[in-house]
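Notes follow the structure.
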Amino acid sequence: GFLAKTPRGRVLTRLGWEHLGLACPDQYEARLKGLGRAFNGLADERQLSLDLEKDEETAEEED
1 GFLAKTPRGR
11 VLTRLGWEHL
21 GLACPDQYEA
31 RLKGLGRAFN
41 GLADERQLSL
51 DLEKDEETAE
61 EED
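For the sequence shown, position 34 (counting from the first letter as 1) is numbered 34 according to our numbering, and the numbering increases by one without interruption.
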């Protein structure tokens with residue numbers, strides 16, 4: 001499908017990005033899968049903060 005359901009709403013999948021002729025951000029799908037795991041109770045109990053619009057370099061600088 002072109003869209004994925006997340007707790008925060010609908011987002012494009014890699015297929016959706018490609019259909020629109022846009023480049024999918026690096027690590028985008030991995031972040032989506034991680035978000036689903038966290039909200040399904042498969043991750044640990046710590047609070048999750050995830051910004052899908054950040055690029056990998058910005059995320060590493062904050063750590």
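For each residue, glycine too, the CB sits at the ideal point set by N, CA and C. What you are looking at is a predicted structure, and each value in this text was computed from that prediction instead of being measured.
Under the three-state DSSP convention, the category residue i falls into
i: residue 30; result: helix
i: residue 16; result: helix
i: residue 21; result: coil
For residue i, the first and last residue of its enclosing beta strand (DSSP E)
i: residue 3; result: 3-6
Nearest to residue i (by Cα), restricted to the options the options
i: residue 17; options: 9, 3 and 30; result: 3
Nonlocal neighbours in the same chain, by C-beta distance under 6 Å from residue i, ignoring five residues either side
i: residue 22; result: none
i: residue 24; result: 14 and 17
i: residue 28; result: none
i: residue 10; result: 3
Own chain residues within Cβ distance below 7 Å of residue i, not counting five before or after
i: residue 12; result: 2 and 3
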